[in-house]
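**Q**
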Amino acid sequence: MRIRDKVYVEDWKQTIITDPSSKIIAYAHHLFGALAIILIVIQSAITLNIFIFSLWLVLGIVILLLDIFGGNNVTLKGELGYGIMFVLGTVVSLMLGNVNSMFFPDTLGRIDIILFQVSAGICVSLRFLVSFFYIEFFTQEYDYIIPQSNHSKEQIQLYKENLVKTNFEHIEIEQIGVFQKWWSLFQRFLWPIVVMMILVIFAVLYSLLIYFIIPDDAIAELVTRPSLIVIAILYTILLVRTNAILPKIQKLEKSEIENETENIEANEEKVEIRS
Amino acid sequence: MKEEKHFELTRSGKAFILLGSIFVITGLAIDNYMIIIPGILFLVVISSTFANFLISQKFKFDAEISVSKEYLRSRGLLAVSAVVNNNSKKKLRVKIKLGSSYHFKSINIPETLYVKLNPEQKTRLVWILLAVRRGNGTIGPIEISPGPFQFLFTNKQILRKLINIKILPQRPRISIPWKTKKELLMKMVHEFAQRIKGRGDEFFALRDYLPGDEVKHIEWYATARHDKLITKEYEDERNLHFLIYLDLGSTMFGPKFEYALSSIVELSTLIKGTNHDLAVIGYSDMVKRFIVPQVGKNELRLMLNLYDIEAVGVQSNFLEAVKFTKSNQLLHSITIIFSDLEGDIRKKLKGIHLLQSMGSRVIFVNFSTMGFNILSSPSWVISKTQDMNYREIMNHVFPSLVKDEYKIREKEVRNALYAIGGDYIEMLGYEDNIILSLYRLMKKYSPTQRVLQEALERKR
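So the protein sequences, as listed, match chains A and B. Residue numbering for the first sequence follows my numbering, beginning at 1 and increasing consecutively. Residue numbering for the second sequence follows my numbering, beginning at 276 and increasing consecutively.
#1: Taking Lys391 of chain B as the query, report the chain A residues whose CB atoms sit under 8 Å from its CB, ordered along the chain.
#2: In chain A, what lies closer than 8 Å to Ala554 of chain B by C-beta?
#3: Taking 7 Å as the limit between beta carbons, can you name the residues of its chain near Ser543 of chain B, skipping five residues before and five after?
#4: Short of 8 Å in beta carbon distance, which residues of its chain neighbour Pro444 of chain B, apart from the five on each side in sequence? Order them along the chain.
#5: Can the beta-carbon of Ala354 of chain B be found closer than 7 Å to that of Ser341 of chain B?
#6: Is Ser651 of chain B close to chain A? Criterion is C-beta to C-beta, closer than 7 Å.
#7: Over what stretch of residues does the beta strand (DSSP E) that includes Gly410 of chain B continue unbroken?
#8: Going by C-alpha to C-alpha distance, which of B:Lys380, B:Asn603, B:Ser591, B:Asp615 sits closest to Glu701 of chain B?
#9: Could you have a look at Ile449 of chain B and say whether DSSP puts it in helix, strand or coil?
#10: Would Asp337 of chain B pass as an interface residue toward chain A - the criterion being a Cβ-Cβ separation below 7 Å?
#11: Is there at least one non-hydrogen atom of the ligand SAM closer than 6 Å to the beta-carbon of Leu76 of chain A?
#12: Residues of chain B with CB under 9 Å from Ala34 of chain A, in chain order?
#13: In the DSSP assignment, find the unbroken beta strand (DSSP E) run with Arg399 of chain B in it and report its ends.
#14: Counting only beta-carbon atoms, is Ile210 of chain A nearer than 7 Å to chain B?
#15: By DSSP, does Ser651 of chain B sit in helix, in strand, or in coil?
#16: If I follow the unbroken beta strand (DSSP E) through Arg368 of chain B, where does it start and stop?
#17: How would you write the range of the alpha helix (DSSP H) that Asn361 of chain B sits in, first residue to last?
#18: Below 8 Å on the Cβ atoms is my guess for Gln604 of chain B versus Ser525 of chain B; work out the distance and round it to an integer in Å.
#19: What is the rounded straight-line gap between the Cα of Glu491 of chain B and the Cα of Lys503 of chain B?
#20: Within 10 angstroms of the Cβ of Ile68 of chain A, are there 16 or more other Cβ atoms? Answer buried if so, exposed if not.
#21: Can you name the residues of chain B whose CB is closer than 8 Å to the CB of Val118 of chain A?
#22: Taking buried to mean at least 16 other C-beta atoms within 10 Å of its own C-beta, is Phe137 of chain A buried or exposed?
#23: Excluding the five sequence neighbours on either side, which residues of its own chain have a C-beta within less than 6 Å of the C-beta of Leu545 of chain B, listed in chain order?
#24: Would DSSP call Pro147 of chain A helix, strand or coil?
#25: Please report the Cβ distance between Gln432 of chain B and Phe336 of chain B, rounded to the nearest whole angstrom; I am assuming they are in contact, meaning their Cβ atoms lie under 8 Å.
#26: What is the DSSP secondary structure of Tyr520 of chain B, reduced to helix, strand or coil?
#27: Out of B:Glu345, B:Leu727, B:Phe282, B:Lys623, which one is the CA nearest neighbour of Val688 of chain B?
#28: Excluding sequence positions up to five away, which residues of its chain have a Cβ less than 6 Å from the Cβ of Met561 of chain B?
#29: Based on Cα-Cα distance, which residue from B:Arg448, B:Leu434, B:Ile417 lies nearest to Ser152 of chain A?
#30: CB Ala326 of chain B to CB Ala357 of chain B, shorter than 7 Å?
#31: Can Leu518 of chain B and Thr610 of chain B be called in contact, C-beta distance under 7 Å?
#32: Enumerate in chain order the residues of its own chain whose CB-to-CB distance from Tyr520 of chain B is below 6 Å, with the five nearest sequence positions on each side excluded.
#33: With a threshold of 7 Å on Cβ separation, who are the neighbours of Tyr484 of chain B within its own chain once the five nearest residues in sequence on each side are excluded?
#34: Compare the C-beta of Asn411 of chain B with all C-beta atoms of chain A and state if any pair is closer than 7 Å.
#35: Could you list which residues in chain B have their beta carbon closer than 9 Å to that of His170 of chain A, in chain order?
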């Protein structure tokens with residue numbers, strides 16, 4: 001809520017947390033986004049397909065402009081928009097793709113195309129990861145006020161001096177730095193990555209097994225890919241189910257706590273009656 | 276402290292599960308690693324939030340919050356201390372958020388902090404908050420979030436404790452010395468106190484003896500000097516009865532209303548401990564509040580009555596307030612009206628002559644000056660705009676228009692007040708004070724000033 005008071009505006013200044021690293025992270029987010037688009041545009045230029053090239057050029061310019069005008073304002077909505085634009089571009093270029101295109105399904109074996117695909121994919125993932133980090137640590141309600149005029153500065157100084165040797169004595173709060181924030185985030189990624197790796201390894205082993213049993217056959221293609229897709233779907237279902245179970249766990253916990261408190265209250269009542 | 280856990284996959288979290296599976300499945304279907312890799316990232320992110328939910332089930336925290344005071348003046352400071360204890364055996368990096376109502380704003384550090392909590396060790400955090408608004412504020416609860424990506428998956432423990440804090444009208448910027456205050460009061464008593472001749476025991480004047488006067492009051496020396504019967508006249512000196520009308524109309528929103536409340540408190544400190552008294556009537560289209568603080572220990576009590584008073588959204592009608600005064604036969608010798616010049620000015624002045632007939636001196640205090648109304652101050656508006664034409668309009672045209680209108684209104688009010696022997700004063704801003712304004716007014720009544728004015732008139 002805005003405060004329409006001239007004296008307040010003169011005395012105090014509304015400030016949003018400005019770590020120098022926050023700007024770097026926001027720029028890195030733009031950089032990775034732009035890099036991914038540049039890689040795709042270069043690849044589509046190599047394909048000599050004017051439709052794919054112009055499509056990604058237009059998409060790239062749109063995304064770049066959105067990023068520039070958005071500035072440091074990284075939002076989840078913007079990231080979702082970026083992701084959807086990416087999928088749409090891919091689906092459209094899939095229809096227009098030729099043998100040299102990274103969007104053509106039959107070019108999987110070519111190492112140059114795989115390199116382009118993987119590097120663009122890594123850039124996009126890094127952009128998302130950086131934006132998640134930025135949203136988590138730098139955009140959520142981290143505003144505060146700082147004194148501007150002499151009056152307010154003196155007011156704070158006097159107040160702090162009055163509170164010395166009380167419970168409210170002013171202490172510098174040691175907040176964790178950017179590197180520690182990144183480290184804690186990676187620590188939390190560890191287990192999920194291990195689980196995913198095990199799943200992926202199983203999937204690869206399974207597909208290799210099928211190639212071994214039915215070598216160089218059309219059936220292999222028909223079995224491998226669907227099996228990986230099925231695993232992806234199964235994993236999604238697993239996540240959705242876990243989400244559905246959470247409220248039940250919460251309810252169980254709440255009822256347990258309530259039972260405990262009821263028991264305690266009942267015991268207290270008994271004690272009262274006895275006394 | 277009551278502990279509550281809160282877990283929830285947010286809407287964005289659900290969207291990212293969907294997006295992840297679409298990316299992976301599409302990527303697999305068309306053999307494109309460019310889409311598979313971000314898709315796997317989305318799934319890993321969501322999985323990490325779930326995994327952390329399972330791990331954080333073991334974590335337990337204790338938190339104690341305490342505040343430095345429970346009553347507070349608006350624009351005053353409040354220290355909040357929170358002692359957080361990490362009961363688990365692991366070193367944790369968590370997000371701690373101090374909840375507070377919109378009355379408070381944190382100074383120098385945000386209300387949300389990222390801190391490291393060592394195992395089984397107490398960490399003390401101190402916030403200094405500024406009370407930006409008057410009213411009933413609350414501090415608490417404290418939220419501790421151990422998991423990552425709270426915008427995708429809310430995973431926090433809420434330690435519920437709410438502390439109610441009453442934020443009273445703000446303190447005036449300048450403090451007036453007690454001596455000046457006393458002097459002002461003396462002057463006001465001298466000028467405005469109702470004197471009833473014939474009763475009491477304070478000497479007033481000598482006059483001719485009239486049949487019916489008491490014989491014991493005859494002044495014999497004067498009788499001998501003038502060769503006729505002369506008697507002493509006594510008078511009864513009454514207390515001052517301040518009656519304050521506070522306008523709660525729609526035009527009084529904002530800082531000027533806040534300062535009007537502060538002025539009432541300032542006046543109450545003036546009469547604290549004296550034998551004068553004070554009553555406050557808050558009125559809009561009808562009388563909303565009638566407060567009679569007791570003489571003596573009245574200041575805090577008055578402030579507690581005023582802390583949740585707010586201007587209402589209707590045009591005020593002064594006649595209703597006067598009717599209330601008359602029907603309840605309220606004693607008053609000085610009536611001070613805290614109002615402004617905006618809105619329907621006739622409605623604001625209707626019934627003002629009745630106060631004079633009830634034997635009261637009326638003082639109208641105008642709060643709608645440039646110092647209070649931020650929108651009428653061009654410099655503030657200009658700092659927000661880049662347009663030069665608009666700038667010129669705001670610099671030259673707008674203030675002159677407003678000033679002309681204000682001058683007309685001020686003249687109207689002055690005329691109405693002078694007709695009934697009342698006075699008009701203005702509060703110029705936070706640097707002004709009601710006591711100082713009244714002091715300036717009383718100078719007008721000082722004998723030397725009167726002689727000077729008479730001499731000036733004679734010269735003309």
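Idealized CB from N, CA, C, for every residue including glycine.
**A** Straight from the coordinates:
#1: Numbered from 1 along the second sequence, position 116 holds the residue referred to as residue 391 of chain B. Chain A residues near Lys391 of chain B: Glu174, Ile176, Gln180.
#2: Indexing the second sequence from 1 puts residue 554 of chain B at position 279. Those within 8 Å of Ala554 of chain B in chain A number zero; the least Cβ separation is about 29 Å.
#3: Position 268 of the second sequence, counted from the first residue, corresponds to residue 543 of chain B. These residues qualify, in order along the chain: Leu553, Pro568, Asn573, Glu574, Leu577.
#4: Counting from 1 along the second sequence, the entry for residue 444 of chain B is found at position 169. Result list for Pro444 of chain B: Arg348, Ser349, Arg409, Glu533, Leu536, Ser537, Ile539, Val540, Met578, Leu581, Tyr582, in chain order.
#5: Reading the second sequence from its first residue, position 79 is the one you call residue 354 of chain B. Reading the second sequence from its first residue, position 66 is the one you call residue 341 of chain B. It is not a contact, given that the beta carbons lie outside the stated cut-off.
#6: As a working mapping, residue 651 of chain B is identified with position 376 in the second sequence. Residue placement at Ser651 of chain B is poorly supported in this model, since its pLDDT is 49, which falls under 50; the coordinates are not used for a value here.
#7: Your numbering for residue 410 of chain B matches position 135 in the second sequence. Element bounds for Gly410 of chain B: 410–420.
#8: Translated into the one-based positions of the second sequence, residue 701 of chain B becomes position 426. Ranking the options by Cα distance to Glu701 of chain B, first place goes to B:Asp615.
#9: For the purposes of this step, residue 449 of chain B is identified with residue 174 of the second sequence, where counting begins at 1. Under the three-state reduction of DSSP output, Ile449 of chain B falls in the coil class, being neither helix nor strand.
#10: Taking the second sequence and counting its residues from 1, one reaches residue 337 of chain B at position 62. Not an interface residue.
#11: Absence of the ligand SAM is noted for the structure shown, with no ligands found whatsoever.
#12: By one-based count along the first sequence, residue 34 of chain A stands at place 34. The premise fails here: Ala34 of chain A is roughly 15 Å from chain B at the closest Cβ pair, so nothing lies under 9 Å.
#13: As a position in the second sequence, residue 399 of chain B is number 124, starting the count at 1. Arg399 of chain B: member of the beta strand (DSSP E) spanning 397–406, first to last residue.
#14: Reading the first sequence from its first residue, position 210 is the one you call residue 210 of chain A. It does not: the Cβ of Ile210 of chain A has no partner Cβ on chain B nearer than 7 Å.
#15: The residue given as residue 651 of chain B occupies position 376 in the second sequence. Residue confidence for Ser651 of chain B is low, a pLDDT of 49 falling below 50, so the modelled location carries little weight; the figure read from the coordinates is stated next. Note: Ser651 of chain B maps to helix in three-state DSSP.
#16: Indexing the second sequence from 1 puts residue 368 of chain B at position 93. Element bounds for Arg368 of chain B: 367–375.
#17: Residue numbering aside, residue 361 of chain B sits at position 86 when the second sequence is read from its first letter. Unbroken run through Asn361 of chain B is the beta strand (DSSP E), 352–361; no alpha helix (DSSP H).
#18: Taking the first residue of the second sequence as 1, we reach residue 604 of chain B at position 329. Taking the first residue of the second sequence as 1, we reach residue 525 of chain B at position 250. No, Gln604 of chain B and Ser525 of chain B are not in contact; Cβ-Cβ is about 30 Å, not under 8 Å.
#19: Walking along the second sequence from the start, residue 491 of chain B turns up at place 216. Walking along the second sequence from the start, residue 503 of chain B turns up at place 228. Before going on, a small fix: residue 491 of chain B reads as Lys here, not Glu. Whole-angstrom Cα-Cα distance: 16 Å.
#20: Looking up residue 68 of chain A in the first sequence gives position 68. Classification of Ile68 of chain A: exposed, given that the 10 Å Cβ count is below 16.
#21: By one-based count along the first sequence, residue 118 of chain A stands at place 118. Those within 8 Å of Val118 of chain A in chain B are Tyr308, Met309, Ile312.
#22: Counting from one through the first sequence, the residue named residue 137 of chain A turns up at place 137. Note on Phe137 of chain A: 16 or more other CB atoms within 10 angstroms of its CB, so buried under the neighbour-count rule.
#23: Counting from 1 along the second sequence, the entry for residue 545 of chain B is found at position 270. Correct list, in chain order: Lys456.
#24: Along the first sequence, one-based indexing puts residue 147 of chain A at 147. Here Pro147 of chain A sits in strand by DSSP.
#25: As a first step, residue 432 of chain B must be located in the second sequence, where it is residue number 157. As a first step, residue 336 of chain B must be located in the second sequence, where it is residue number 61. Correct: roughly 6 Å between the Cβ atoms.
#26: By 1-based counting over the second sequence, the position of residue 520 of chain B is 245. Looking at Tyr520 of chain B - three-state DSSP - the assignment turns out to be strand.
#27: As a position in the second sequence, residue 688 of chain B is number 413, starting the count at 1. Taking only the C-alpha atoms, the option nearest Val688 of chain B is B:Lys623.
#28: Numbered from 1 along the second sequence, position 286 holds the residue referred to as residue 561 of chain B. Contacts found: Glu595.
#29: Here residue 152 of chain A refers to the residue found at position 152 of the first sequence. For the residues B:Arg448, B:Leu434, B:Ile417, the minimum Cα distance to Ser152 of chain A belongs to B:Arg448.
#30: As a working mapping, residue 326 of chain B is identified with position 51 in the second sequence. As a working mapping, residue 357 of chain B is identified with position 82 in the second sequence. The answer is no: Cβ separation not under 7 Å.
#31: For the purposes of this step, residue 518 of chain B is taken as the residue at position 243 of the second sequence. For the purposes of this step, residue 610 of chain B is taken as the residue at position 335 of the second sequence. Yes, these two residues count as a Cβ contact at 7 Å.
#32: For this step, residue 520 of chain B is matched to residue 245 along the second sequence. Excluding sequence neighbours, Tyr520 of chain B sits near Ile556, Ala596, Ile612.
#33: As a first step, residue 484 of chain B is located in the second sequence; it is residue number 209 there, counting from the start. Correct list, in chain order: Ile493, Leu504, Ile505, Thr506.
#34: By 1-based counting over the second sequence, the position of residue 411 of chain B is 136. No - not a single Cβ of chain A is within 7 Å of the one on Asn411 of chain B.
#35: Within the first sequence, numbered from 1, the residue matching residue 170 of chain A stands at position 170. Per Cβ cutoff of 9 Å: Ala354, Val401, Ile403.
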